[in-house]
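Participant:
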Amino acid sequence: MKNPTTLEFAGNMLAYKDNLKSLTDSIRDVESQVDDNLQQALIKSSSLIKLSKDIKEIELMSQALVDLPNDYNQLSKKKLLISLRHMVFESQCMLIKEVQKSLLKAAEAMTDAGNGITLMSDFNIMIKALDKMNEKVKNT
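Position 87, counted from 1, in the sequence shown is what this note's numbering calls 92; the numbers after and before it change by one each time, with no gaps.
#1: With D76 as the anchor, note down where its alpha helix (DSSP H) starts and where it stops.
#2: Give, in chain order, every unbroken run of the beta strand (DSSP E) that is at least 3 residues long and sits entirely within the region 18-85.
#3: Look up T116 in the DSSP assignment and say whether it is helix, strand or coil.
#4: Cβ atoms of M66 and L89: under 9 Å apart, would you say?
#5: Is T149 helix, strand or coil when you go by DSSP?
#6: Check whether the region 47-62 touches the region 85-101, counting contact only when three or more Cβ pairs, one atom from each stretch, lie closer than 8 Å.
#7: Put T11 into one of helix, strand or coil per three-state DSSP.
#8: Report all residues from its chain with a CB closer than 6 Å to the CB of S52; omit the five preceding and five following residues, and keep chain order.
Laid out in C-alpha cells, this is it:
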C-alpha cells in the first residue's frame, strides 16, 4: 500500500476545503431563503390577525348599537354609527393594501416566469447549435 505524497494530500485537502466552503455557502443560502419566507409569512399573518381583530371589534360595536334602547341619546347613537363606519372603512383600506401587495407579487412572479421562459429558449438555441456541431463531427 502506497502512502499519498504530501502534494497529493495537499491537493485533496484543498478540494475538501472548497467542497466544505461550497456546502457552507449552500446552507447559508437555504437558511436565508427560509428566513425570508418566514418573514413574509409573519407579515401576512400579522395583517390577517389585525383584520380579524378589527372584524371582532366591528361585530361588538354593531351588537352594542343593536342593544341600545330606542330612547337612548340619538347623538351617542350617531357617534357610534360614525365610529362603526370608520372602522369598516379602515378595514377595507387595509384589505385593499393587502390585495395590492398580492397583485404586485403576482406580477413580479409573471415577469420572473417570462424571464425563465426566455432563458429556456436561449438554452434550446445552444442545444441546437451543439447538435449541429455534433453532426459535423460525426460526418468528418
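Glycine residues also receive a C-beta, built at the ideal position from the N, C-alpha and C atoms.
Facilitator: The relevant details are as follows:
#1: Taken as a continuous stretch (DSSP letters only), D76 belongs to no alpha helix (DSSP H), as it is neither H nor E.
#2: none
#3: helix
#4: yes
#5: Lying outside 6 to 145, the shown extent of the chain, residue 149 is not represented and no answer is given.
#6: yes
#7: helix
#8: E103
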